[in-house]
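Counting from 1, one number per residue, gives the positions in the sequence shown under UniProt numbering.
Virtual Cβ for every residue (Gly too), placed ideally from N, Cα, C.
Read through the structure below, which is laid out as structure tokens, and then see the notes.
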Amino acid sequence: MELQRKVAEAIHVLNHDPLSSNRVAANQWLVHFQQTPEAWDVSTSLLTSPIVSLFDLQFFAAQILRRKIQNEASNLQSNAKDALLNALLVAAKRYSSGVPQLLTQICLALSALLLHADPYSKPFDKLMFALQSLQAHDDGNVVLLELLTVLPEEISDSRHVSHQSDLRQELLSHTSMVLDFLLQQSEKQFASPLYPQHANRKILRCLLSWVRAGCFSEIPQGAVPSHPLLNYVFNALQGTTFDLAIEVLVELVTRHEDLPRVLLYKVQLLRDTLLKPALINADPQVVSGLACLMSEIGQAAPCLIVEASPEALVLTDALLRSTFATYILSLGGNRQNDRNHVKDIFLPVFSALVDALVLRAQVDEFTSGDESPGLDLPDGLLHFRNNLLELLVDICQLIHPTTFVSKLFFGGLPSSDVSMPLREIEAKLFALNAVSEIILQEGEAFDFSLIAQLVSAFSIRPSSELKGFLCVVYRSLADVVGSFSRWISVSPSNARPLLLFLAGGISEPICTHACASALRKICEDAPAVIQETSNLDILMWIGECLEQWNLALEDEEEVISAITVILGSVANKELQNKLLTQLLSSSYGVLSTLVDDDVESSVRQNPATYTRMLSSVTRGLYRIGTVLSHLATSLSSVPVADGPILSLLTVFWPILEKLFRSEHMESGSLAAAACRALSVAVQSSGEHFMLLLPSVLECLSRNFLSFQSQECYIRTGCVIAEEFCHKEEYGSLFITTFERFTQASSLMGINSSYICDQEPDLVEAYVNFASALIRGCHKELLGNSGTLLEISFQKAAISCTAMHRGAALAALSYLSDFLEVSLSSMIESVNCKSEGSFSVVSVQVVSHCGEGLLSNLVYALLGVAAMSRVHKCSTILQQLAAICSLCERTSWKEILCWKSLQGWLNSAVWALPSEYLKQGEAEKIVREWSEALGGAGIDYLENKSCNFASNNSLGGGHMQGKHGRALKRLVRDFADSHRNDPNLNII
């Protein structure tokens, strides 16, 4: 009794005490209590005692019993299980008329007890016999309904996969009794009009649970459509039972092939008695429920729909849904006549549907007349249009793109003296853009004079008139221009109006993205047309206006990309250099001003001015980087020395170097932009940049040590390493840079996954840099950097347990790269070891860090994020096994051997907290994984040997051979079964 009193007090404090410290203390005490053996008796007593009548206490007791049964029932003796079963049945009957949540918990506990019973003892038979005495009372029926509802759901739970099939078969063996019971309960509804609706919901919930379990598969399929419970479900399509009745019917339709035809004949009744009143009364629940059901009918048996029967037309008319369109489109060539026939039958329906959908996609009159700045489409209309996209594509494919376009623009767009509502134009432009890919795939260009007419009309409008809904129309037209840029830009006469139109919209916030994207596509698709002098003038004007427009960086990049594409294709080199200089002059100018010693001190004295200047410089750096990137792509066939890139870099690098050596780099956004520009400069100039490497790497490492929260310096170092670290003369320079990065306090302080999750971008940049060096640097240099490699290996092993997906996967990639390169080196030098060789260093690193790595890999496979790490973890395990197997054959055996790996695995598994493993699971994991690792390591070595024999030293052996695949299956199963390990916290 004393322990019961303490539990009651703790529950009261947990739920009602105003002080959080008291609630936390109570929670901790309860967490400890529920793990004790005394929790069994105390919880049972609280649940069955007639004295206790507090819901919080009873609910807690039911929860504890449920959890303990799920986790510890295998430890109970059979007589204890029988006593617990009787106690739970007593409690269920007692609380059958109380709070529903409490009865549900008790029934879940009963279900868990059944699922942990000895299958040979026929636990379901015992339960059904025990419940027979309850059926004489209404309260007993309530208990039986709830238990029969949760039992199939619990069986389908993944925790019982090992014997799920046997449990399901035993459960379904009682189908006849259960369906008879449900039918008996359903008949009470007809016998008494006062029968409560919540009882009907309970019956439907129970039926739904058994339908999902497959109960109707136990009776002849031909008998399902005429089963009396089906009529009961149809009668429940009303009031508070409507949603559950729909769910039951949907499940039945998807599971039983005879039902769609039966339900198709009932569509007219559903339309007339339910759908039409729901549309009149604007009842979204009924409309959406019927739409879902009828869609399932069409999807379950599209062959019934394409018969073009009157019932099929009724279904189409009822919901204006074309769930069968994809099926019609998939009819093979030998059924082309059938397809054409069906299309002819349904063409009036689809024509009406296009009209209805375009009408529904329009804004209302109030919005169309709104001239408010920043106006956009209402959220509800945007959501509707998103749902409409797939439907419009299906219809366009079905009736042919030419017919679809003619349907949209029959009679043409209005001229200046004929008025068509702007909202209608905008909706039609939306529909045209939605099906643009289908039209382009068809390859049959339509008459774009209508679009060109609209573009010309907008291009001559003063910018002051672009406001309100007119900007929305402008944006929709720009979307169409971008989608059909390849066809629209063919005519030279369209080029100037198009450029003026797009230039006019870029400065309007709502149109910016659409116009910038369309401009890039036009320039990519028609560079020869845009290169005319008058068009170049418009482009350069757009570039000069960027400073004052203050666009989002991604939109500004689109504009700069468009201009650079055209300038890169200018044949006159003198004109090309002049225009590029003109485009970047403002960027160079503001950057030079910032690093000017005479200006710097005065600018810093005015914070507002300094902030604006930093923003301008950041944008300028992004522009320079974008120009260099696109020039490198468009001029890839032109030697760098002969192109404009080298001349641009000649001007750019001295200013950029001065910026890197200035105090302005403490600005995170400026540093990121400068590093991006530097990365692009390195990639675009190739070997011409090598002479600058000492200065560049010194700037990067020095700045990172000064501003360690800015990982962009390491990212840029990674880009440079990937380009040049394979050059032997610069290898030591990269190792020195790596050492400076590694010795930074921010990286040396990474000693737990928690800290890694605080700085995931930094970790990701660091391990990527390390991966680049491991893959590229000469092995002699790496062999002299053992301590440095060991530190980086340890940091990566710690980081692979981080919650942050990018950091964890990057760390795993580095570990795998290290082991792959190490194994290749070991195989090459197995008979010619030297104290400074990379092979020896690799063995030492693995022997020193292997135990920690194994432990971290096991932890990385726990939790919800584990499945994304399965492949990399499996690969690393196989690589470790291969290294240990290889060492077993050499003198390295004294440092590293197969027993080392077995010991690490044993320690890692047994170090897991007890709540993560079931009884006997640790021994099983160690045994099965050890066996799989032994075979997987040999498979990996054999695969590597084959690659070396064929002079393909880079061919990895990832998950090669049957043992490698078996290992991956074990790892995947472990991760899958531990994704949702029990959280013992009650709150």
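Reference S813, options L697, V248, Q879, closest by Cα: Locating residue 813 in the sequence shown gives position 813, where the first residue counts as 1. Measuring C-alpha to C-alpha distances from S813 to each of L697, V248, Q879 identifies Q879 as the nearest.
Less than 7 Å between C-beta atoms, sequence neighbours within five positions excluded: which residues of the same chain meet that for A932? In the sequence shown, counting from the first residue as 1, residue 932 sits at position 932. In its chain, beyond the 5 residues on either side, H963, A966, L967, L970 have a beta carbon closer than 7 Å to the beta carbon of A932.
Can you tell which of L432, G443, P509 has the C-alpha that lies nearest to the C-alpha of G482? By one-based count along the sequence shown, residue 482 stands at place 482. Measuring from the Cα of G482, the nearest candidate turns out to be L432.
Where S416 falls: helix, strand or coil (DSSP): By one-based count along the sequence shown, residue 416 stands at place 416. The predicted model places S416 with a pLDDT of 43, which falls under 50 and marks its position as unreliable; any figure quoted below should be read in that light. Residue state, collapsed to three classes: coil.
Inter-residue spacing [alpha-carbon to alpha-carbon] between F974 and V680: Your numbering for residue 974 matches position 974 in the sequence shown. Your numbering for residue 680 matches position 680 in the sequence shown. If you take the alpha carbons of F974 and V680, they lie about 43 Å apart.
How big is the Cα-Cα spacing for I510 and D376? Sequence index remark: in the sequence shown, residue 510 carries index 510 (1-based). Sequence index remark: in the sequence shown, residue 376 carries index 376 (1-based). Near 8 Å, if we compare the C-alpha coordinates of D376 and I510.
Go through its chain and collect everything with a Cβ distance to P152's Cβ below 7 Å, but skip five positions before and after it. As a position in the sequence shown, residue 152 is number 152, starting the count at 1. Only L171, S209, W210, R212, A213 meet the Cβ criterion.
Compute the minimum distance between the beta carbon of A434 and the heavy atoms of the ligand MG, and state whether it is under 7 Å. This structure lacks the ligand MG, and indeed carries no ligand of any kind.
Nearest-angstrom Cα separation, counted from P225 out to S236: Here residue 236 is taken as the residue at index 236 of the sequence shown, counted from 1. Here residue 225 is taken as the residue at index 225 of the sequence shown, counted from 1. A quick correction: the sequence has Ala, not Ser, at residue 236. Going from the Cα of A236 to the Cα of P225 covers about 16 Å.
Please classify S695: is it buried, with 16 or more other beta-carbons within 10 angstroms of its beta-carbon, or exposed? The residue labelled residue 695 in the question sits at position 695 within the sequence shown. Classification of S695: exposed, given that the 10 Å Cβ count is below 16.
I'd like the list of long-range same chain contacts for S186, defined as Cβ closer than 6 Å, with 5 residues on each side in sequence excluded. Taking the first residue of the sequence shown as 1, we reach residue 186 at position 186. For S186, where only same-chain residues beyond five positions count, the Cβ hits under 6 Å are I203, Y232.
Once you ignore the five residues that flank A10 on each side, which residues in its own chain have a CB closer than 7 Å to its CB? Against the sequence shown, residue 10 aligns to sequence position 10. A26, W29, L30.
Hey, would you say H688 sits closer than 8 Å to L648, going by beta carbons? Translated into the one-based positions of the sequence shown, residue 688 becomes position 688. Translated into the one-based positions of the sequence shown, residue 648 becomes position 648. No, these two residues do not count as a Cβ contact at 8 Å.
Going residue by residue through the stretch 443-509, where are the continuous alpha helix (DSSP H) segments of at least 4 residues, counting only ones entirely within it? 449-459, 469-483, 485-488, 492-506
Note down the Cα distance separating R475 from V627, rounded to an integer number of angstroms. Counting from one through the sequence shown, the residue named residue 475 turns up at place 475. Counting from one through the sequence shown, the residue named residue 627 turns up at place 627. Using only the alpha carbons, I get a separation of about 26 Å.
Looking only at C-alpha atoms, which of K93, V682, E365, V7 sits nearest to T48? The residue labelled residue 48 in the question sits at position 48 within the sequence shown. Considering only alpha carbons, the answer is K93.
For the alpha helix (DSSP H) containing K893, name the first residue and the last one. What you label residue 893 is simply residue 893 of the sequence shown in a count that begins at 1. K893 -> no alpha helix (DSSP H), and no H or E assigned at all.
Taking its Cβ as the centre, do 16 or more other Cβ atoms sit within 10 Å of K68, making it buried, or is it exposed? Taking the first residue of the sequence shown as position 1, residue 68 is located at position 68. Buried, since its Cβ has 16 or more Cβ neighbours within 10 Å.
Output the distance between the C-alpha atoms of L697 and C675, rounded to the nearest integer angstrom. For the purposes of this step, residue 697 is identified with residue 697 of the sequence shown, where counting begins at 1. For the purposes of this step, residue 675 is identified with residue 675 of the sequence shown, where counting begins at 1. Cα to Cα, L697 sits roughly 12 Å from C675.
Is it buried or exposed, G620, if we count other Cβ atoms within 10 angstroms and call 16 or more buried? As a first step, residue 620 is located in the sequence shown; it is residue number 620 there, counting from the start. G620 is buried by the Cβ-count criterion.
Kindly confirm or deny that the stretch 445-463 and the stretch 345-355 touch, where touching means at least three C-beta pairs closer than 8 Å. no
In angstroms with no decimal places, state the Cα-to-Cα distance between Q77 and E38. On the sequence shown, position 77 is the one that residue 77 refers to. On the sequence shown, position 38 is the one that residue 38 refers to. Distance between the alpha carbons of Q77 and E38 is about 16 Å.
Sequence-distant residues of the same chain with beta carbon closer than 6 Å to N906, five excluded per side: On the sequence shown, residue 906 is found 906 positions in, with the first residue counted as 1. V926, listed in sequence order.
By Cβ distance below 8 Å, which residues in the same chain neighbour K658 in space, the five residues on each side in sequence not counted? Here the question's residue 658 lines up with position 658 in the sequence shown. Within the same chain, K658 has close Cβ partners V595.
Within 10 angstroms of its Cβ, does Q184 collect 16 or more other Cβ (buried), or is it exposed? To locate residue 184, count along the sequence shown from 1; it is residue 184. Looking at its Cβ environment, which holds fewer than 16 other Cβ atoms inside 10 Å, Q184 is exposed.
First through last residue of the alpha helix (DSSP H) which encompasses Y859: Position 859 of the sequence shown, counted from the first residue, corresponds to residue 859. It spans 838-860 - the alpha helix (DSSP H) in which Y859 sits, taken as one unbroken run.
Three-state secondary structure (DSSP) of G955: Taking the first residue of the sequence shown as 1, we reach residue 955 at position 955. Here the model assigns G955 a pLDDT of 46, short of 50, so the residue's position is not dependable, and the following value carries that caveat. In the structure shown, G955 sits in coil (DSSP, three-state: anything other than H, G, I, E or B).
Could you compute how far the alpha carbon of S822 sits from the alpha carbon of I538? Translated into the one-based positions of the sequence shown, residue 822 becomes position 822. Translated into the one-based positions of the sequence shown, residue 538 becomes position 538. About 57 Å.
CA-CA distance, L450 and K428? Residue mapping note: residue 450 aligns to position 450 of the sequence shown, counting from 1. Residue mapping note: residue 428 aligns to position 428 of the sequence shown, counting from 1. Within the model, the alpha-carbon separation for L450 versus K428 is close to 12 Å.
When the Cβ atoms of the stretch 786-803 are set against those of the stretch 842-862, are three or more pairs found closer than 8 Å? yes
Every unbroken beta strand (DSSP E) within the stretch 572-660, with a cutoff of 3 residues, ordered by chain: none
CB of P760 within 8 Å of CB of A802, strictly: For the purposes of this step, residue 760 is taken as residue 760 along the sequence shown, with counting starting at 1. For the purposes of this step, residue 802 is taken as residue 802 along the sequence shown, with counting starting at 1. The answer is yes: Cβ separation under 8 Å.
When the Cα atoms are used, what is the spatial distance from V864 to L391? Stepping through the sequence shown from its first residue, residue 864 is reached at position 864. Stepping through the sequence shown from its first residue, residue 391 is reached at position 391. Roughly 35 Å separates the two Cα atoms.
Please classify D258: does DSSP put it in a helix, a strand, or coil? Locating residue 258 in the sequence shown gives position 258, counting from the first residue. In the structure shown, D258 sits in coil (DSSP, three-state: anything other than H, G, I, E or B).
DSSP three-state call for R321: helix, strand or coil? On the sequence shown, position 321 is the one that residue 321 refers to. Residue placement at R321 is poorly supported in this model, since its pLDDT is 40, which falls under 50; the coordinates still yield a value, given next. It is coil, neither helix nor strand.
Determine the DSSP secondary structure at H688, reduced to helix, strand or coil. By 1-based counting over the sequence shown, the position of residue 688 is 688. If DSSP states are grouped into helix, strand and coil, H688 belongs with the helices.
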